[in-house]
Amino acid sequence: MKKLLLSFVLTMAIVATYAQATRDIEDINEDNSWLKLGLNMGVPVGDIGDYSSFAFGLDVAGQFMRTDNFGLGVVSGYTNYFKKSDVVGAQDFGAIPLGLMLRYYPQPSGFFAGTDVGYTFLTGDIATDGGFYIRPQVGYHNYDWNIFAFYNQVFTSDPAADIQSIGVAATYNIRFK
Numbered sequence: 060m061k062k063l064l065l066s067f068v069l070t071m072a073i074v075a076t077y078a079q080a081t082r083d084i085e086d087i088n089e090d091n092s093w094l095k096l097g098l099n100m101g102v103p104v105g106d107i108g109d110y111s112s113f114a115f116g117l118d119v120a121g122q123f124m125r126t127d128n129f130g131l132g133v134v135s136g137y138t139n140y141f142k143k144s145d146v147v148g149a150q151d152f153g154a155i156p157l158g159l160m161l162r163y164y165p166q167p168s169g170f171f172a173g174t175d176v177g178y179t180f181l182t183g184d185i186a187t188d189g190g191f192y193i194r195p196q197v198g199y200h201n202y203d204w205n206i207f208a209f210y211n212q213v214f215t216s217d218p219a220a221d222i223q224s225i226g227v228a229a230t231y232n233i234r235f236k
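Take a look at the structure:
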């Protein structure tokens, strides 16, 4: 299912890119590029849900609109996973993603879909240092805000230590000048 979703998003992005006039990176201006700053919160699911009860973090991204409907950029941030108070020996830990963002915006305002893919570095007392991650999302956007739901999974070397969460996030767009 995950491979199918990733294939669909990438196919959608490629079709959207070649179906429209594209911009070069030299064409960055306040109408087609911005810095996104925001907050996310989620609930750990899967095995990690046995040890962590809540996740809260900061998102930061730089986005360039390659076409009027397709955006790409880089994304990072920090999310803290809070330990469950009733689990002996559980510790808080953090996740620092570094990835590529892909977004499809059918209209200048309204629904959007996208994904972030890359590597997540894990901090704290956890069995692994990190792994590949994917964060598909759907939501609403306008000129200033993006509000979306997401699923996040970090694939570690030990599948029992994979980090999974579902949540919501909001980001504010600060235009490049």
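Be aware that the sequence shown starts at 60, since it is given in the working numbering, and climbs by one per residue.
Think of the CB as a built atom: it goes at the ideal place given N, C-alpha and C, for glycine as much as any other residue.
- When C-alpha distances from Met124 are compared across Leu117, Arg162, Gly101 and Ser224, the shortest belongs to Arg162.
- With respect to the C-alpha of Tyr210, the residue from Pro195, Gly190, Asp203 and Val147 having the closest C-alpha is Pro195.
- With respect to Gly121, Asn99 sits apart: the two C-beta atoms are not nearer than 8 Å.
- Considering only Pro103, Asn201, Gly198 and Phe191, the residue with the shortest C-alpha distance to Lys143 is Pro103.
- Spatial neighbours of Thr187 in its own chain (CB-CB distance under 7 Å, excluding positions within 5 residues in sequence) are listed in chain order as Leu181, Thr215, Ser216, Asp217 and Ala220.
- Distance from the Cα of Gln166 is smallest, within the candidate group Gly198, Gly183 and Asn128, for Asn128.
- Within a 10 Å sphere around the beta-carbon of Ser111 sit 16 or more other beta-carbons, which makes this residue buried.
- For the 8 Å CB-CB criterion, Gly158 and Val197 do not form a contact.
- When DSSP states are grouped into helix, strand and coil, Pro103 belongs to the strand group.
- Secondary structure within the stretch 160 to 193: the beta strand (DSSP E) runs of 3 or more consecutive residues, fully enclosed, are 169 to 183 (chain order).
- Secondary structure at Gly108: helix, using DSSP grouped into helix, strand and coil.
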